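Peer 1:
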Amino acid sequence: MSIQNGFRVAVLGLIFFLSGCGAYNFSGADVGEAKTFQVNFFQNYADQTPGSTIVPGLDRDFTLSLQDMINNLTSLSLTGSNGDLVYEGEIVEYKVIPMTANSEQRTSQNRLTMSVNVRFFNTKKPDNDFERRFSFFYDFDAAASLTSIQSAAHEEIFERLTQDIFNASLGNW
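Counting from 1 along the sequence shown, just add 25 to a position and that's the residue number in our numbering.
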C-alpha cells in the first residue's frame, strides 16, 4: 500500500470513527439522545408595539434562519411535530432609534434592534428547558433608509440571534 493510500484509509477511518460518536459534532453542540428538532413559527408581536416598524415576512424569515442554523450545525432531523428539541417563541421588539447626533443636533446614526422571546424544550433532558429573551442590533447611517439596509441588517441580526439561541440550548461550554 502506498503512503497516499494509507493516508486515505486513515482519514476515512477517522471520519467513520467520529461519525460513530452520535453526540459529537464540530459545532460543540450537545444533542445528547435527541434525534429531531422542531422550530415552531415565531409570530411577530413587535408590530403591535408603539414605535415598532412593520416588516412583512420578518417572522417567516427569522423562523427559517433558526431552522437553518440548527440544521447546519447538528445531525438532528427537522420535524413539524413531536420533536425531541422544541424551539418556540415570538418576536417582541423590532424598532429603529436614533443613536448619535452631529454638531447640528441631527441624528447621524440609527440603531435597529430586534428581540425575540424563546422557549426551549428538551424532551430528553427537561432540566435544560428555558425561557429567555435574546436581543441584537445593527447600527447604520441616519441618511440611509431602513429598506436600503434591511437585507444586511437582517443577515447580521439573525446570525447573532440564532447563534446565541443555539449556544444557550445546545452549547457545550
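Positions of the beta carbon are idealized from the N, C-alpha and C atoms, including for glycine.
Note that the structure is a prediction, hence the values are computed from the model and not measured.
1. What's the gap between the Cα of Val56 and the Cα of Ile116?
2. Mapping DSSP to helix, strand and coil, what is Asn147?
3. Assuming Leu98 contacts Ala54 (C-beta within less than 8 Å), just tell me the rounded distance between them.
4. Between which two residues does the alpha helix (DSSP H) harbouring Ser194 extend?
5. Can you give me the C-alpha to C-alpha distance between Phe62 and Ser133, rounded to a whole angstrom?
6. What residue does the alpha helix (DSSP H) around Gln92 start on, and which one ends it?
7. I'd like to confirm the pairing. Which residues does DSSP put opposite Val64 in its beta bridges?
8. Three Cβ pairs or more, each shorter than 8 Å: is that satisfied between the region 157–170 and the region 77–96?
9. Chain B beta carbons: is any one of them nearer than 9 Å to that of Val111?
10. For Val153, does the three-state DSSP call read helix, strand or coil?
11. So, helix, strand or coil for Asp55, using DSSP?
12. Taking all protein chains shown into account, decide if Ser170 is buried (16 or more other Cβ within 10 angstroms of its Cβ) or exposed.
13. Quick check on this structure: which residue in Glu180, Leu186 and Phe165 has the alpha carbon closest to the alpha carbon of Ser140?
14. Can you give me the C-alpha to C-alpha distance between Thr104 and Phe165, rounded to a whole angstrom?
15. In its own chain, which residues sit with a C-beta less than 7 Å from the C-beta of Met124, not counting the 5 before and 5 after it?
Peer 2: Quick look at the numbers:
1. Whole-angstrom Cα-Cα distance: 25 Å.
2. Three-state DSSP puts Asn147 in a strand.
3. Between Ala54 and Leu98 the Cβ distance is about 6 Å, and since that is below 8 Å, they are a contact.
4. Segment Leu171 to Leu195, the alpha helix (DSSP H) holding Ser194.
5. 43 Å
6. Leu83 to Leu98
7. Tyr112
8. A contact is defined here as three or more CB-CB pairs under 8 Å, and the region 157–170 fails this definition with respect to the region 77–96.
9. The structure shown contains no chain B; it holds only a single protein chain.
10. According to the sequence as given, residue 153 is Asn; it is not Val. Helix.
11. coil
12. exposed
13. Leu186
14. 37 Å
15. Gln134, Asn135, Arg136 and Asp164
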